[in-house]
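For the protein sequence lines, the chains are A and B, in the order given. Quick note on numbering: my numbering labels position 182 of the first sequence as 186, and the sequence is numbered without any gaps. Quick note on numbering: my numbering labels position 242 of the second sequence as 246, and the sequence is numbered without any gaps. These notes concern the structure reproduced below.
There are 2 protein chains.
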Amino acid sequence: MEKPTIPKGTRDFGPTQMAKRQYILENIKKVFQKYGFQPLETPAMENLSTLTGKYGEEGDQLLFKVLNSGDFLKEVDAINLSKKDSRLVTTTISEKGLRYDLTVPFARYVVMNRGEITFPFKRYQIQPVWRADRPQKGRYREFYQCDADVVGTDSLICEAEIVLMIKEVFKALGIGDYSIKINHRSILSGLAELCGAKENESSLFIGIDKLDKIGEEKVREELKSRGFEENSLNTVFEILNFKGTTQQKIDFLTSKFSTSEKGKKGVADFKEVLSLLKSYGVTEDHIEFDIALARGLSYYTGCIFEVKINKVAIGSVSGGGRYDNLTGNFGMPDVSGVGISFGVDRLYDAMEELQLFPKEAQISSTVMIAHLDEDTMRYGLKVAHKLRQNGIATEIYPDQSKLKKQLDYANKKLIPFVIVIGSDEMKDGLLTFKNMEKGEQEKLSLTSIISKIKGQ
Amino acid sequence: MEKPTIPKGTRDFGPTQMAKRQYILENIKKVFQKYGFQPLETPAMENLSTLTGKYGEEGDQLLFKVLNSGDFLKEVDAINLSKKDSRLVTTTISEKGLRYDLTVPFARYVVMNRGEITFPFKRYQIQPVWRADRPQKGRYREFYQCDADVVGTDSLICEAEIVLMIKEVFKALGIGDYSIKINHRSILSGLAELCGAKENESSLFIGIDKLDKIGEEKVREELKSRGFEENSLNTVFEILNFKGTTQQKIDFLTSKFSTSEKGKKGVADFKEVLSLLKSYGVTEDHIEFDIALARGLSYYTGCIFEVKINKVAIGSVSGGGRYDNLTGNFGMPDVSGVGISFGVDRLYDAMEELQLFPKEAQISSTVMIAHLDEDTMRYGLKVAHKLRQNGIATEIYPDQSKLKKQLDYANKKLIPFVIVIGSDEMKDGLLTFKNMEKGEQEKLSLTSIISKIKGQ
């Protein structure tokens with residue numbers, strides 16, 4: 005019999021990984037909820053008509069398509085079949101696909117439920133998405149997204165609260181050294197205006213987006229090949245390369261954008277977000293005004309965010325921004341919103357590298373009960389029940405095995421305490437209480453054990 | 005533009021439903037963890053070779069199959085294509101399917117990771133599954149399963165702890181009137197032996213499984229048509245119809261099974277489970293020894309369970325049992341295990357009907373801050389920040405709107421408290437604190453408001 009496998013690019017999450025992933029997700033969820041976001045879940049399968057055309061041509065290719073049930077070939081055009089034209093045949097044998105992100109299903113939900121939703125609508129959503137990408141290190145075909153969005157308001161309070169939420173999440177996870185890079189799409193548009201590329205914005209943005217990866221020289225080459233002139237590019241890079249404090253950057257841009265309405269608007273919005281943060285009583289720690297931040301996705305129209313953990317060689321662990329037309333594709337124009345997404349896999353890897361997972365995120369039960377024979381095992385059942393009644397996660401070793409085997413089990417499962425019950429313990433009610441980490445043991449009554457564990 | 009829809013048989017879960025679903029799942033999870041079960045997640049897609057042949061022919065038909073990426077028709081046999089033979093073509097254009105349940109992926113996981121797993125392995129798993137069933141009331145194409153299993157031990161302590169977990173889950177959810185029906189597959193085998201149907205067990209079990217739905221008459225007819233004789237059936241129904249206390253049922257079966265080893269083993273196991281429960285110090289409340297309980301799934305070999313909520317016209321809300329050969333299909337024989345599964349959708353419906361969801365499971369933020377102009381809004385930001393620092397879920401209305409609109413928003417979102425900030429409030433620091441449910445308001449300092457909310 006062949007050894008079973010799982011599809012490439014997918015993963016099982018065993019108990020240890022799950023405990024750590026839950027630790028990350030629970031902390032993020034708590035922050036979302038504290039800021040008034042409510043949960044939403046959408047189905048894994050969406051109609052292909054909902055998904056197709058939303059992620060560009062490349063995205064369409066990466067959608068996982070679900071075969072229609074039953075005799076799916078019946079209605080297929082015989083000529084397309086005989087030509088083996090996969091593309092044309094697909095549209096008739098598959099009507100559904102797996103969601104590619106959480107944004108499009110969210111937009112679809114908002115449009116379908118616009119009558120019942122109370123706007124501004126603050127939702128968070130934590131679910132897997134699927135992409136038929138070529139699997140490689142850190143890139144999976146199934147992975148979780150963890151998004152929070154507010155739609156139905158253009159208030160910059162939402163941007164400010166996204167910054168607050170990011171700060172709270174990182175504080176909760178114990179990550180101290182990180183940067184929240186902020187920019188504004190209108191600042192980039194102002195830049196395009198300055199270099200006479202108003203009509204060719206997106207080429208410029210795509211170029212800027214690559215700066216991090218391929219460097220200035222190559223971006224210049226690429227933009228030149230797309231028709232940008234040398235002195236336009238000099239203007240662009242003079243601005244992108246400007247170094248200084250946030251205030252210096254603001255002043256510099258203000259002088260540069262004296263004739264660009266878009267540019268002015270971008271700077272004004274950014275200043276307002278900083279001013280709001282001040283009103284909350286929050287410092288500008290971790291905030292970095294990054295004029296060269298572009299973010300690939302084309303639908304952003306306002307502030308954009310990206311979070312990087314310093315001293316860890318991993319890309320951004322969180323990103324987001326404001327969009328003005330999320331639901332336009334589904335016939336509901338002019339819905340402005342702003343969102344943030346946390347990358348669970350990258351946060352996980354970074355926290356592993358920085359050894360930030362607390363021990364509590366890794367243990368399973370708090371206590372295991374070991375026993376030496378039928379009688380002590382039965383006595384142990386009552387002890388287990390008492391511990392659980394006191395809210396203590398407890399397991400009793402289910403088989404009658406050698407004590408060593410029972411203790412090995414507790415060790416492997418990282419169970420911190422073991423209660424050993426022998427005939428002496430049954431007689432005098434003083435149980436052997438082992439601290440597995442310290443390798444110490446003492447004899448205690450069950451009541452003392454309970455208060456000892458709870459008092460920790 | 006067409007109004008977007010979702011695939012039939014699938015659902016969105018909006019904030020209100022999600023809050024209630026999370027309430028159910030969090031309570032179940034807490035109990036699983038208290039009993040030493042650890043989380044596992046497996047990918048949504050499995051290789052079709054893993055899934056096919058595990059759920060019977062009907063089940064194979066109900067698998068959602070995922071189309072291979074790229075030019076999937078390239079390798080397909082031209083003759084099968086021209087014949088439009090959907091079945092034969094499927095195997096070449098689709099290698100992956102969506103998981104149909106959590107049991108087969110769990111078995112696959114155990115086999116793939118046998119080297120690293122610490123046995124007995126106690127895992128819980130809460131994830132959606134997909135079935136291409138005809139959608140109807142209460143039957144969906146995507147739904148959550150919520151399973152806990154122990155594998156690698158045949159200790160009846162596991163069965164006893166399943167009963168304890170069921171009791172704790174129902175207590176946590178506030179469901180008081182329910183029955184845990186227990187039977188044993190060997191008791192049913194004993195029954196088959198008694199009526200000379202040793203070789204024809206499964207027909208008998210399938211018949212008994214339908215008793216609930218179609219009644220004795222029709223089951224008799226069906227079994228007759230499958231070759232069972234009148235007096236065999238009389239023997240069967242004499243036993244199935246026996247009424248009495250648990251002890252009377254045990255005594256009755258003991259006398260009937262004097263010559264059936266299987267029957268004796270079933271009764272002995274059941275007695276042992278009761279005896280273990282007694283050792284825990286737990287009563288037999290809610291436990292019903294139901295000799296006619298069969299459960300459809302063929303892989304059960306030991307104790308079987310089913311939980312029904314009384315006075316609610318809904319099927320069983322939980323079920324499970326022991327199996328002796330979970331991983332045999334994947335080349336790892338003789339792994340005994342026992343599991344329990346909770347039906348989230350049915351629990352949800354039952355709890356709605358019984359009005360058991362607490363109000364706390366339905367609210368979103370605890371406080372909303374309303375404001376009257378730019379200045380009071382900015383003052384409100386600081387107030388929001390203080391409340392959140394005290395762990396209180398807070399939102400500030402993000403736009404400058406009429407007070408009525410702001411209060412309407414709070415009402416629709418079931419936010420229990422609103423703080424209104426006007427210029428007076430800003431001056432003297434006494435904030436208007438509205439209890440939205442009682443329709444009362446008073447002027448309080450922020451410190452008093454915080455202790456009032458926390459003291460609740």
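Beta carbons: idealized from backbone N, C-alpha and C, even for Gly. All figures in this text were calculated on a predicted structure; none of them were measured in a lab.
Contact note: residue 175 (chain A) does not reach chain B at a C-beta cutoff of 9 angstroms; the least C-beta distance is about 11 angstroms. Less than 9 angstroms separates the beta-carbon of residue 146 (chain B) from that of residue 47 (chain A). Contact fails between the segment 67-80 of chain B and the segment 37-45 of chain A, because fewer than three Cβ pairs, one in each stretch, are under 8 angstroms apart.
Looking at A:26, A:392, A:316, the one whose alpha-carbon comes closest to that of residue 180 (chain A) is A:316. Counting C-beta atoms within 10 angstroms of its own C-beta, residue 235 (chain B) has fewer than 16 neighbours from the protein chains shown and is therefore classed as exposed.
For residue 335 (chain A), the closest Cβ of chain B is nearer than 9 angstroms.
Non-local beta-carbon contacts of residue 430 (chain B) in its own chain, meaning distances under 8 angstroms to residues more than five positions away in sequence, involve 379, 380, 383 in chain order.
Only 51, 54, 68, 69 from the segment 51-69 of chain A bring a Cβ to less than 7 angstroms from some Cβ of chain B. DSSP, reduced to helix, strand and coil, places residue 410 (chain B) within a helical segment of the structure shown. The continuous alpha helix (DSSP H) containing residue 31 (chain B) extends over residues 19-38. Listed by position along chain B, the residues whose Cβ is nearer than 9 angstroms to that of residue 225 (chain A) form an empty set, because the closest Cβ is around 32 angstroms away. Per DSSP, the unbroken beta strand (DSSP E) holding residue 444 (chain A) starts and ends at 444-448.
Beta bridge pairing from DSSP links residue 421 (chain A) with A:371, A:439. Taking 7 angstroms as the Cβ-Cβ cut-off, the segment 399-429 of chain A approaches chain B at 399, 400, 402, 403, 413, 416, 417, given in chain order. In the structure shown, the three-state DSSP call for residue 336 (chain B) is coil.
Distances from the alpha-carbon of residue 445 (chain A) to those of A:351, A:424, A:455 put A:424 closest.
Proximity of chain A to residue 48 (chain B) at the Cβ level (cut-off 9 angstroms) is accounted for by 14, 48, 102, 132, 134, 146, in chain order.
Taking each of A:459, A:398, A:338 in turn and checking the Cα distance to residue 111 (chain A), the smallest one comes out for A:338. For residue 162 (chain A), the nearest CB of chain B lies under 9 angstroms from its own CB, placing it at the interface with that chain.
Restricting attention to B:349, B:178, B:385, the CA atom closest to the CA of residue 279 (chain A) is found in B:385.
With the criterion set as a beta carbon lying under 8 angstroms from some beta carbon of chain A, the members of the segment 267-291 of chain B are 280, 283, 284, 285, 286, in sequence order. The beta carbons of residue 326 (chain B) and residue 163 (chain B) sit about 7 angstroms from each other, so the pair counts as a contact at 8 angstroms. Note on geometry: alpha-carbon atoms of residue 387 (chain B) and residue 150 (chain B) lie some 41 angstroms from one another. Secondary structure at residue 90 (chain B): helix, using DSSP grouped into helix, strand and coil. Residue contact check for residue 117 (chain A) against chain B: a CB pair falls below 9 angstroms. Per the DSSP secondary-structure output, residue 176 (chain B) pairs with nothing in a beta bridge. Interface criterion not met: the Cβ of residue 352 (chain A) is under 9 angstroms from no Cβ in chain B. Three or more beta-carbon pairs drawn from the segment 186-202 of chain A and the segment 261-274 of chain A are found closer than 8 angstroms, and the two stretches are therefore classed as touching. Around the beta carbon of residue 28 (chain B), a 10 Å sphere encloses 16 or more other beta carbons of the protein chains shown; the residue is thus reported as buried.
Contact annotation, residue 189 (chain A) with residue 306 (chain A): C-beta distance approximately 6 angstroms; criterion of less than 8 angstroms satisfied. In summary, the residues of the segment 72-105 of chain A whose CB is separated from some CB of chain B by less than 8 angstroms are 73, 74, 75, 76, 77, 78, 80, 82, 85, 86, 88, 89, 90, 93, 94, 97, 98, 99, 100, 102, in the order they occur in the chain.
Relative to the Cα of residue 323 (chain B), the nearest Cα in the group B:185, B:31, B:94 belongs to B:185. Contact of residue 382 (chain A) with chain B by beta-carbon distance below 7 angstroms involves 283.
In this structure, the alpha-carbon of residue 32 (chain A) lies about 22 angstroms from that of residue 16 (chain A).
Using a Cβ-Cβ cut-off of 8 angstroms, residue 159 (chain B) is close to 402, 403 of chain A, given in chain order. For the set A:36, A:224, A:253, A:86, the Cα lying nearest the Cα of residue 127 (chain A) is the one of A:36.
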